[in-house]
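Number of protein chains: 4
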Amino acid sequence: MEYFFFFEKKKGSGTRFYYCKGLHIMKTPVIVVNVKAYEGGTGRNCLRIAKVMEEVSEEIGASMVIAVQTADIRMVAENVKIPVFAQHMDAINYGSHTGWILPESIKEAGAHGVLLNHSEHPMKIKEIAEGVERARESRMETIICTNNIEVTGAAAALSPDFVAIEPPELIGGDTSVTSAEPRIVRDAVKAVKEINPATKVLCGAGVKNGEDVKKAIELGSVGVLLASGVMKVKDKEKILREMASAIEEK
Amino acid sequence: MEYFFFFEKKKGSGTRFYYCKGLHIMKTPVIVVNVKAYEGGTGRNCLRIAKVMEEVSEEIGASMVIAVQTADIRMVAENVKIPVFAQHMDAINYGSHTGWILPESIKEAGAHGVLLNHSEHPMKIKEIAEGVERARESRMETIICTNNIEVTGAAAALSPDFVAIEPPELIGGDTSVTSAEPRIVRDAVKAVKEINPATKVLCGAGVKNGEDVKKAIELGSVGVLLASGVMKVKDKEKILREMASAIEEK
Amino acid sequence: MEYFFFFEKKKGSGTRFYYCKGLHIMKTPVIVVNVKAYEGGTGRNCLRIAKVMEEVSEEIGASMVIAVQTADIRMVAENVKIPVFAQHMDAINYGSHTGWILPESIKEAGAHGVLLNHSEHPMKIKEIAEGVERARESRMETIICTNNIEVTGAAAALSPDFVAIEPPELIGGDTSVTSAEPRIVRDAVKAVKEINPATKVLCGAGVKNGEDVKKAIELGSVGVLLASGVMKVKDKEKILREMASAIEEK
Amino acid sequence: MEYFFFFEKKKGSGTRFYYCKGLHIMKTPVIVVNVKAYEGGTGRNCLRIAKVMEEVSEEIGASMVIAVQTADIRMVAENVKIPVFAQHMDAINYGSHTGWILPESIKEAGAHGVLLNHSEHPMKIKEIAEGVERARESRMETIICTNNIEVTGAAAALSPDFVAIEPPELIGGDTSVTSAEPRIVRDAVKAVKEINPATKVLCGAGVKNGEDVKKAIELGSVGVLLASGVMKVKDKEKILREMASAIEEK
Numbered sequence: 185m186e187y188f189f190f191f192e193k194k195k196g197s198g199t200r201f202y203y204c205k206g207l208h209i210m211k212t213p214v215i216v217v218n219v220k221a222y223e224g225g226t227g228r229n230c231l232r233i234a235k236v237m238e239e240v241s242e243e244i245g246a247s248m249v250i251a252v253q254t255a256d257i258r259m260v261a262e263n264v265k266i267p268v269f270a271q272h273m274d275a276i277n278y279g280s281h282t283g284w285i286l287p288e289s290i291k292e293a294g295a296h297g298v299l300l301n302h303s304e305h306p307m308k309i310k311e312i313a314e315g316v317e318r319a320r321e322s323r324m325e326t327i328i329c330t331n332n333i334e335v336t337g338a339a340a341a342l343s344p345d346f347v348a349i350e351p352p353e354l355i356g357g358d359t360s361v362t363s364a365e366p367r368i369v370r371d372a373v374k375a376v377k378e379i380n381p382a383t384k385v386l387c388g389a390g391v392k393n394g395e396d397v398k399k400a401i402e403l404g405s406v407g408v409l410l411a412s413g414v415m416k417v418k419d420k421e422k423i424l425r426e427m428a429s430a431i432e433e434k
Numbered sequence: 185m186e187y188f189f190f191f192e193k194k195k196g197s198g199t200r201f202y203y204c205k206g207l208h209i210m211k212t213p214v215i216v217v218n219v220k221a222y223e224g225g226t227g228r229n230c231l232r233i234a235k236v237m238e239e240v241s242e243e244i245g246a247s248m249v250i251a252v253q254t255a256d257i258r259m260v261a262e263n264v265k266i267p268v269f270a271q272h273m274d275a276i277n278y279g280s281h282t283g284w285i286l287p288e289s290i291k292e293a294g295a296h297g298v299l300l301n302h303s304e305h306p307m308k309i310k311e312i313a314e315g316v317e318r319a320r321e322s323r324m325e326t327i328i329c330t331n332n333i334e335v336t337g338a339a340a341a342l343s344p345d346f347v348a349i350e351p352p353e354l355i356g357g358d359t360s361v362t363s364a365e366p367r368i369v370r371d372a373v374k375a376v377k378e379i380n381p382a383t384k385v386l387c388g389a390g391v392k393n394g395e396d397v398k399k400a401i402e403l404g405s406v407g408v409l410l411a412s413g414v415m416k417v418k419d420k421e422k423i424l425r426e427m428a429s430a431i432e433e434k
Numbered sequence: 185m186e187y188f189f190f191f192e193k194k195k196g197s198g199t200r201f202y203y204c205k206g207l208h209i210m211k212t213p214v215i216v217v218n219v220k221a222y223e224g225g226t227g228r229n230c231l232r233i234a235k236v237m238e239e240v241s242e243e244i245g246a247s248m249v250i251a252v253q254t255a256d257i258r259m260v261a262e263n264v265k266i267p268v269f270a271q272h273m274d275a276i277n278y279g280s281h282t283g284w285i286l287p288e289s290i291k292e293a294g295a296h297g298v299l300l301n302h303s304e305h306p307m308k309i310k311e312i313a314e315g316v317e318r319a320r321e322s323r324m325e326t327i328i329c330t331n332n333i334e335v336t337g338a339a340a341a342l343s344p345d346f347v348a349i350e351p352p353e354l355i356g357g358d359t360s361v362t363s364a365e366p367r368i369v370r371d372a373v374k375a376v377k378e379i380n381p382a383t384k385v386l387c388g389a390g391v392k393n394g395e396d397v398k399k400a401i402e403l404g405s406v407g408v409l410l411a412s413g414v415m416k417v418k419d420k421e422k423i424l425r426e427m428a429s430a431i432e433e434k
Numbered sequence: 185m186e187y188f189f190f191f192e193k194k195k196g197s198g199t200r201f202y203y204c205k206g207l208h209i210m211k212t213p214v215i216v217v218n219v220k221a222y223e224g225g226t227g228r229n230c231l232r233i234a235k236v237m238e239e240v241s242e243e244i245g246a247s248m249v250i251a252v253q254t255a256d257i258r259m260v261a262e263n264v265k266i267p268v269f270a271q272h273m274d275a276i277n278y279g280s281h282t283g284w285i286l287p288e289s290i291k292e293a294g295a296h297g298v299l300l301n302h303s304e305h306p307m308k309i310k311e312i313a314e315g316v317e318r319a320r321e322s323r324m325e326t327i328i329c330t331n332n333i334e335v336t337g338a339a340a341a342l343s344p345d346f347v348a349i350e351p352p353e354l355i356g357g358d359t360s361v362t363s364a365e366p367r368i369v370r371d372a373v374k375a376v377k378e379i380n381p382a383t384k385v386l387c388g389a390g391v392k393n394g395e396d397v398k399k400a401i402e403l404g405s406v407g408v409l410l411a412s413g414v415m416k417v418k419d420k421e422k423i424l425r426e427m428a429s430a431i432e433e434k
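Protein chains in written order, with my numbering: chain V, 185 to 434; chain D, 185 to 434; chain G, 185 to 434; chain S, 185 to 434.
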């Protein structure tokens, strides 16, 4: 297991991340928005949200990241300054792999990182391990999504940059993980710390408002990964501002 | 089963396909190049090959199509006039499908069609059927890849625009399907004709030179789907010219 | 494509099937009961149902088949005379395939046939094709499950002994396929006949009573494949008798 | 995470395991033989090997376990006294899961435990976690197979009874893991101890003779999981005797 040492770098308006051994590191605390395959998160609609996020991020001074569909990575990455993540990739190498998502292809398209093992795209343990390694080789960050404390601990042992715990009973629902199950976040943070202190925890389900974001940070996570909390809200800019304010730099 | 009637349209230099009910149809005979996840077929390298294909296609007057990685669809489609195909898509609808490839996302990125069930990305029969339907809804053409006569017949029953038969023993090898196994292509053409005359056959493995392309057409296919025959050749332009000449418009 | 010629054989009380080229053939019309992984269909409970089916089958003179879990094949096959089917198998050969279901292993355990591509265990088109071939080599019959007319036609092209069409909207529900959608069964029978007349059709969803069984036969199918219609009914013997009477030999 | 306390029990000739909370525990040191889907490990051939293992085990007083195909569990478990393991199971519950392997079905058939995530049947991390839990509910032991140190650590975090590390480069080969890569076993033992001291390590590839077995124990593992080392050897009884002698009770 290899640990990274983090050297903070004076950032300009456009670079919203640190560097370590040349690896982009998301600045934390962070709000990661996964646009999934929602109609509102596809193609030009996706770019529109990314633009709003960029604006809010710069104005308020809060770190924001958008996770987009593979076909949209290049367009979004070319047009906004916030980091763009892929929603998935396959742990393949250059070669005869028709139709799979090559780490190098999304990196060249502009991805700064990648979600692995999202509950909607569960992965084999071996492929997650290889995915973390392949992402590191391509200098992309990794967020492994997990569904409970045990899997969170296991994921941490694979040395990703982040794990995002998403208890399935809270996904897409109205209950906030931080109010309903504060213990889950706290226990996940503790389990990860014991197994791999270099991995950070994101709170990944049931985040609906600025209060939830604040609570998530207090519980020891370094930010939130959310989808419906933004994507299914009519006034996206307003909710993004509210959430960003919860982590703004003083 | 719905059959399309094909109305030929006077084409300008840039439009290399017919229209039917608004659907782009690859002009045949055709040479489809699958760049797979080869290093030489990723990102800028992919665009470079697409440019060469476009040039050869226009000069010689031969229909050519390139099948690219998801992350490269938009860049290639925006920069060349030959049709761009996706190497795979998932038969999903708008919604919570993190990390999967949405038909509408690749369509908006510029894809004219999609390969389904490539031997390196085999699909469930149900998903192929849904994929053909979803592609049609998104006005994209489909090529179902198959590995033998039985599966070719089955694929034809799912009403794709094309099937591409690739006997596994010939993939990536030095043997030409048309010389080694001419009967396979002829039988596939016959089987498809009986089951679904609206589906056309591509010859999908062991195509190495202009002679193979000519032979494939004589055997009743409407073109070739190839990868290593171009991608592993040093002088790609030369081999593309040779193959294009074999199907040039007189 | 190879067609079998069927020679009827005088059957004793225990042999409820014909022979063709040494292959056991389910006697039709037939009632196939899939016990799934229901608690009532596991282990001794499964054997109990098989015994009831055997008794009803012999008394009324109606062909009945039970599809059981892999771990229960041997026990059931050793204790009843009705044919036992596996619910799935993998199209593998002898070798290094830890944890997969080898055709030869279920054959030796006593399976007469196998379901392929059940909606709860969808298979890749290539694997279905290989599964049909491997089953034939092991002298087992095949039932490919399908979800609509197109997939039914495609399945027929793979030359199974039977296809069982199960429109997903009717699975497990209270609506009978024969009353709600008689056209589906009739069209499936027609599509299969055109593509592969040696394959027979089973009606596979929404069969609740003797009337449904009778109707299914009238529509051109050779029997029914059902699960909840028997497994979720309290008095299993009664419903089995009612259904058996609908196909009894006069 | 729940830790079990192990109470040793005076064993008779037939019971080759301890009990803890009613759970059968393989007596260690142990030799686990995976018969895969080898012809020599299918049906009656499998039973024959199990009989030899039982005899050697009783004579020499060495703990031995056989991992068999699903269709063979019941026959083998009914005819030998050594513990029988399944080669795989699916983390499903009773219900509509046609064709999958239900924990309760293999338990009732006689399985004492189950391999999970064998390199030939890789599993999603979520399913491994659920598999461990479902096995525990059904009072079966679990061996999670892993391919390197990182995945071994991750597997330990899921609290199986055992992990078996099988570096892919050594599977089926002639090199012994203990001589070629002793560090791997030692590091795996250390990683597991740190993350979950209740989980034990098996050495899972490249075990060819008694010397390898002895070495594996010295390196901190509690036994070996092997396949070709026995299955591809002509005189199986001889090699089993040699390996058993290496762990015999003094």
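Even glycine gets a Cβ: it sits at the ideal position worked out from N, Cα and C.
Values in this document were obtained by computation on a predicted structure and should not be read as measured data.
> Taking all protein chains shown into account, do 16 or more other C-beta atoms lie within 10 angstroms of the C-beta of S/Gly206, making it buried, or fewer, making it exposed?
Replying inline: As a first step, residue 206 of chain S is located in the fourth sequence; it is residue number 22 there, counting from the start. Residue placement at S/Gly206 is flagged as unreliable, the pLDDT there being 36, under the threshold of 50; a coordinate-derived value is accordingly withheld.
>> Any heavy atom of the ligand FAD inside 6 Å of the beta-carbon of D/Val369?
In response: The ligand FAD is not part of this structure, which contains no ligands at all.
>> Could you tell me which whole beta strand (DSSP E) segments of length 3 or greater appear in the stretch 248 to 287 of chain D?
In response: 268 to 270
>> Any beta carbon of chain S sitting closer than 7 Å to that of V/Leu410?
In response: Numbered from its first residue, the first sequence carries residue 410 of chain V at position 226. Not one chain S Cβ lies under 7 Å of V/Leu410.
>> Can you list, in chain order, the residues of its chain with a C-beta nearer than 7 Å to that of G/Thr336? Leave out the 5 residues immediately preceding and following it.
In response: By 1-based counting over the third sequence, the position of residue 336 of chain G is 152. Cβ neighbours of G/Thr336 beyond the five flanking positions: Thr330, Val347, Ile349, Ala372, Ala375 and Val376.
> Between G/Lys398 and the rest of its own chain, which residues show a CB-CB distance below 6 Å, the 5 nearest in sequence each way excluded?
Replying inline: Mapped onto the third sequence, residue 398 of chain G falls at position 214. Excluding residues within five positions, the ones whose Cβ falls inside 6 Å are Ala430.
>> If I measure Cβ to Cβ from D/Val240 and keep anything under 6 Å in the same chain, skipping five residues before and after, which residues do I get?
In response: As a position in the second sequence, residue 240 of chain D is number 56, starting the count at 1. Within the same chain, D/Val240 has close Cβ partners Leu424, Arg425 and Ala428.
> Which word fits G/Gly279, buried or exposed, when buried means at least 16 other C-beta atoms lie within 10 angstroms of its C-beta?
Replying inline: Counting from 1 along the third sequence, the entry for residue 279 of chain G is found at position 95. It counts as exposed.
>> If distances are taken between C-alpha atoms only, which option among G/Ala338, G/Pro213, G/Lys220 and G/Pro366 comes closest to S/Asn277?
In response: Looking up residue 277 of chain S in the fourth sequence gives position 93. Among G/Ala338, G/Pro213, G/Lys220 and G/Pro366, the Cα nearest to that of S/Asn277 is on G/Lys220.
> Cβ atoms of G/Thr383 and G/Ala340: under 7 Å apart, would you say?
Replying inline: Start at 1 with the first residue of the third sequence, and residue 340 of chain G comes out as number 156. Start at 1 with the first residue of the third sequence, and residue 383 of chain G comes out as number 199. In contact: G/Ala340 and G/Thr383 (Cβ atoms closer than 7 Å).
> Using DSSP with H/G/I as helix, E/B as strand and the rest coil, what is S/Ile209?
Replying inline: Locating residue 209 of chain S in the fourth sequence gives position 25, counting from the first residue. Note: S/Ile209 maps to strand in three-state DSSP.
>> In the DSSP output, what is G/Glu325 paired with across the bridge?
In response: For the purposes of this step, residue 325 of chain G is taken as the residue at position 141 of the third sequence. Answer is G/Gly297.
> Within the 7 Å Cβ cut-off, does G/His302 reach chain S?
Replying inline: Residue numbering aside, residue 302 of chain G sits at position 118 when the third sequence is read from its first letter. Interface residue, yes.
>> So with CB distances below 9 Å, who are the chain D contacts of V/Met427?
In response: Residue 427 of chain V sits at position 243 when you count from the first residue of the first sequence. Per Cβ cutoff of 9 Å: no residues; V/Met427 is ~20 Å from chain D at best.
> How many whole angstroms separate the CB atoms of G/Glu292 and S/Thr226, which I take to be in contact at a CB cut-off of 8 Å?
Replying inline: In the third sequence, counting from the first residue as 1, residue 292 of chain G sits at position 108. In the fourth sequence, counting from the first residue as 1, residue 226 of chain S sits at position 42. Confirmed, Cβ separation roughly 7 Å.
>> If I follow the unbroken alpha helix (DSSP H) through G/Leu342, where does it start and stop?
In response: Counted from its first residue, the third sequence places residue 342 of chain G at position 158. From DSSP, G/Leu342 is part of no alpha helix (DSSP H); its letter is neither H nor E.
> For D/Thr336, which beta-bridge partners are listed by DSSP?
Replying inline: One-based indexing of the second sequence puts residue 336 of chain D at position 152. Answer is none; D/Thr336 lacks a bridge partner.
> Rounded to a whole number of angstroms, what is the C-alpha to C-alpha distance between V/Ile209 and V/Ala251?
Replying inline: Residue numbering aside, residue 209 of chain V sits at position 25 when the first sequence is read from its first letter. Residue numbering aside, residue 251 of chain V sits at position 67 when the first sequence is read from its first letter. Rounded to the nearest angstrom, the two C-alpha atoms are 15 Å apart.
> Quick one: is S/Gly407 near chain G, going by C-beta distance under 7 Å?
Replying inline: Along the fourth sequence, one-based indexing puts residue 407 of chain S at 223. No, because no Cβ of chain G sits closer than 7 Å to the Cβ of S/Gly407.
>> Using 7 Å as the threshold, is the C-beta distance between S/Ala234 and S/Val264 below it?
In response: By 1-based counting over the fourth sequence, the position of residue 234 of chain S is 50. By 1-based counting over the fourth sequence, the position of residue 264 of chain S is 80. Going by C-beta atoms, S/Ala234 is nearer than 7 Å to S/Val264.
> Which whole-angstrom value is the C-beta distance of V/Gly161 and D/Glu365, which I expect to be below 8 Å?
Replying inline: Past the edges of chain V, shown from 185 to 434, lies residue 161 of chain V, and the structure says nothing about it.
>> So for G/Thr362, helix, strand or coil by DSSP?
In response: Numbered from its first residue, the third sequence carries residue 362 of chain G at position 178. If DSSP states are grouped into helix, strand and coil, G/Thr362 belongs with the helices.
>> Can you give me the C-alpha to C-alpha distance between V/Asn393 and V/Leu410, rounded to a whole angstrom?
In response: Position 209 of the first sequence holds residue 393 of chain V. Position 226 of the first sequence holds residue 410 of chain V. Whole-angstrom Cα-Cα distance: 11 Å.
> Where do the ends of the beta strand (DSSP E) carrying D/Gly413 lie?
Replying inline: Position 229 of the second sequence, counting from 1, holds the residue named residue 413 of chain D. Segment Ser412 to Met415 is the alpha helix (DSSP H) holding D/Gly413; no beta strand (DSSP E) there.
> With distances taken from CA atoms, which of D/Ile215, D/Arg232 and D/Leu299 is nearest D/Glu223?
Replying inline: Locating residue 223 of chain D in the second sequence gives position 39, where the first residue counts as 1. D/Glu223 has its Cα closest to that of D/Arg232, out of D/Ile215, D/Arg232 and D/Leu299.
>> Using C-beta distances below 8 Å, list every residue in its chain close to S/Glu432, excluding the 5 sequence neighbours before and after it, in chain order.
In response: The count along the fourth sequence starts at 1 and reaches residue 432 of chain S at position 248. The residues are Ile244, Gly245 and Ala246.
> Measuring CB to CB, does S/Val316 end up less than 7 Å from S/Pro287?
Replying inline: Locating residue 316 of chain S in the fourth sequence gives position 132, counting from the first residue. Locating residue 287 of chain S in the fourth sequence gives position 103, counting from the first residue. Cβ atoms of S/Val316 and S/Pro287: not closer than 7 Å.
> Can you tell me the Cα-Cα spacing of G/Arg367 and D/Asn229, whole angstroms?
Replying inline: For the purposes of this step, residue 367 of chain G is taken as residue 183 along the third sequence, with counting starting at 1. For the purposes of this step, residue 229 of chain D is taken as residue 45 along the second sequence, with counting starting at 1. Whole-angstrom Cα-Cα distance: 53 Å.
> For G/Ile233, which residues in chain S fall below 9 Å Cβ to Cβ?
Replying inline: For the purposes of this step, residue 233 of chain G is taken as the residue at position 49 of the third sequence. Simply none; closest approach about 14 Å.
>> Going by DSSP, what residue range makes up the beta strand (DSSP E) through V/Leu386?
In response: Working through the first sequence from its first residue, we reach residue 386 of chain V at position 202. Run containing V/Leu386: Lys384 to Cys387, per the beta strand (DSSP E) assignment.
> In chain V, which residues lie less than 8 Å from D/Asn380 when you measure between Cβ atoms?
Replying inline: In the second sequence, counting from the first residue as 1, residue 380 of chain D sits at position 196. Correct list: empty, because the minimum Cβ distance to chain V is about 24 Å.
> When DSSP builds the beta bridges, which residues end up paired with G/Lys308?
Replying inline: What you label residue 308 of chain G is simply residue 124 of the third sequence in a count that begins at 1. DSSP output for G/Lys308 lists D/Lys308 as bridge partner(s).
>> Going by beta-carbon coordinates alone, are D/Ser289 and V/Gln253 separated by less than 7 Å?
In response: The sequence position of residue 289 of chain D within the second sequence is 105, counting from 1. The sequence position of residue 253 of chain V within the first sequence is 69, counting from 1. The answer is yes: Cβ separation under 7 Å.
>> Please confirm whether D/His281 has its beta-carbon closer than 7 Å to some beta-carbon of chain V.
In response: Numbered from its first residue, the second sequence carries residue 281 of chain D at position 97. So, interface residue.
> Using a Cβ-Cβ distance under 7 Å, would G/Leu299 count as near chain D?
Replying inline: Against the third sequence, residue 299 of chain G aligns to sequence position 115. Answer no: the Cβ-Cβ gap between G/Leu299 and chain D never drops below 7 Å.
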